[in-house]
């Protein structure tokens with residue numbers, strides 16, 4: 001989950017003690033770069049969830065990432081998923097009922 005507090009973005013994650021931790025995302029880290037094969041990299045807006053140090057194959061996009069997908073023109077539609085990069089790894093983004101975006105790792 002991502003939050004904006006006083007003009008700064010924070011990402012909420014669960015720490016090893018099951019507490020909640022806010023990670024500050026300074027404005028300079030919120031810019032998109034270019035990922036593999038010219039696909040935009042939205043990694044600054046997403047923190048991958050792992051189980052036993054292995055990334056989950058499917059995850060849900062946080063609100064901050066959904067907003068950036070809309071702004072950049074990469075928001076998927078019900079019939080047309082998009083391919084985006086998250087920290088250099090390709091993901092398929094699919095729009096699911098209710099406006100949620102499911103992210104599936106590719107390859």
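In the UniProt record's numbering, the protein residues as written are 1 to 107.
Glycine included, every Cβ here is placed at the ideal spot set by N, Cα and C.
query	result
Using the Cα positions of residue 70 and residue 42, report the straight-line distance between them to the nearest angstrom.	12 Å
Contact check, residue 39 vs residue 85 under 8 Å by CB: the rounded distance?	5 Å
Between residue 5 and the ligand ZN, is the CB less than 6 Å from at least one heavy atom?	Here there are no bound small molecules, and the ligand ZN is not part of this structure.
To the nearest angstrom, report how far apart residue 16 and residue 10 are at their CA atoms.	18 Å
May I ask you to report which of helix, strand or coil DSSP gives residue 21?	strand
According to DSSP, residue 113 sits in a beta bridge with which residue or residues?	The requested residue 113 is not part of the displayed model; the chain covers only 1 to 107.
Can you give the beta carbon distance from residue 105 to residue 57, rounded, assuming they're within the 8 Å contact cut?	6 Å
When the distance is taken between beta carbons, is residue 76 closer than 7 Å to residue 103?	no
What are the boundary residues of the beta strand (DSSP E) that residue 80 is part of?	Run containing residue 80: none; DSSP gives neither H nor E here.
When burial is assigned at 16 or more other CB atoms within 10 Å of the CB, is residue 66 buried or exposed?	buried
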